[in-house]
Amino acid sequence: MKGSILVSIGIALLALSLFSINAPIHQTIFLTNHYSIYIPPIAYPTLNAYENDSNVTVYVLITYNNGSSVIEKVPFYLTLSSGYWQFSIYNETYPKIFTKLVNVTVNTTKGIFIYQKTVSYTRIITTRNGSYPALLQIDINKVNLIQYVLLDRVLGLFLTLVGAISLIFDRFIKIRSSKMC
Numbered sequence: 459m460k461g462s463i464l465v466s467i468g469i470a471l472l473a474l475s476l477f478s479i480n481a482p483i484h485q486t487i488f489l490t491n492h493y494s495i496y497i498p499p500i501a502y503p504t505l506n507a508y509e510n511d512s513n514v515t516v517y518v519l520i521t522y523n524n525g526s527s528v529i530e531k532v533p534f535y536l537t538l539s540s541g542y543w544q545f546s547i548y549n550e551t552y553p554k555i556f557t558k559l560v561n562v563t564v565n566t567t568k569g570i571f572i573y574q575k576t577v578s579y580t581r582i583i584t585t586r587n588g589s590y591p592a593l594l595q596i597d598i599n600k601v602n603l604i605q606y607v608l609l610d611r612v613l614g615l616f617l618t619l620v621g622a623i624s625l626i627f628d629r630f631i632k633i634r635s636s637k638m639c
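Here my numbering is used: the first residue of the sequence shown is 459, the next is one more, and so on.
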């Protein structure tokens, strides 16, 4: 009786360790302020960050487990590990065209002429506002049913073997005791 229970538990553990959910899950987030997500240890997600269709360069501050932080220029690609991830806009840079009036003095043989000329120039503006969102696409490609797959496989195989040996030993004892009677 004990052997058959051990065999069935071992086979169940082996089956759980072999199966996973492989239906892809996609989520797109428009990052303007702050976004945080918890990745469980059984999931295998990736993150693609895209810019919108403007001439704005966006930098994203990425914090992992409230500890290490890194600043990445969009676009970027990450393989997310388990833990707490936080994403926020660090800054935005974009070129802006300005115009100003300049007094131009020209010396000629007929005299000195002063006139105004409009000059255009470009400056790079850096701001910490999240006015232009970055697109974060999170793809979860695989989710295991259990966290420790290798341990579960070893334990399932061990229980199956011990259960099978116990079943064989019980049968041997029954056959031997029936011959003695």
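Backbone N, C-alpha and C define an ideal beta-carbon position, used for all residues, glycine too.
Keep in mind that this is a model prediction, so the values were computed, not measured.
Is the beta carbon of residue i less than 8 Å from the beta carbon of residue j?
i, j, result
"G461", "L625", "yes"
"Y493", "L593", "no"
"T563", "I570", "yes"
"I631", "I483", "no"
"G541", "N513", "no"
"L608", "L471", "no"
"T585", "L536", "no"
Is it buried or exposed, residue i, if we count other Cβ atoms within 10 angstroms and call 16 or more buried?
i, result
"G525", "exposed"
"P553", "exposed"
Considering only residues of the same chain and omitting the five flanking positions on each side of residue i, which have a CB-CB separation below 6 Å?
i, result
"Q485", "I596"
"T490", "G588 and P591"
"I487", "Y493 and L594"
"K531", "Y517"
"Q544", "S494 and T521"
"N480", "K600"
"I583", "Y552 and K554"
"L538", "I497, P503 and L505"
Looking only at its own chain, which residues have a Cβ that is under 7 Å from the Cβ of residue i, when we skip the five neighbours before and after it?
i, result
"N561", "I572 and Q574"
"V620", "L464"
"V519", "First, the residue type needs correcting, since residue 519 is Leu and not Val in the sequence shown. Excluding sequence neighbours, L519 sits near S527, I529, S546 and Y548."
"T576", "T557 and L559"
"F534", "A507"
"D628", "G461"
"K568", "none"
Contact check, residue i vs residue j under 8 Å by CB: the rounded distance?
i, j, result
"S475", "G614", "6 Å"
"T515", "E550", "7 Å"
Flag residue i as yes when its Cβ comes closer than 7 Å to any non-hydrogen atom of the ligand ATP, and as no otherwise.
i, result
"L609", "Inclusion of the ligand ATP in the displayed structure is not the case, the ligand content being empty and no account of it being possible."
Using a Cβ-Cβ cutoff of less than 8 Å, which residues in the same chain neighbour residue i once the five nearest sequence positions on both sides are dropped?
i, result
"I623", "G461"
Note to self: Pairs of beta-carbons, one from the segment 496-506 and one from the segment 596-604, closer than 8 Å: are there three or more?
What the structure shows: yes
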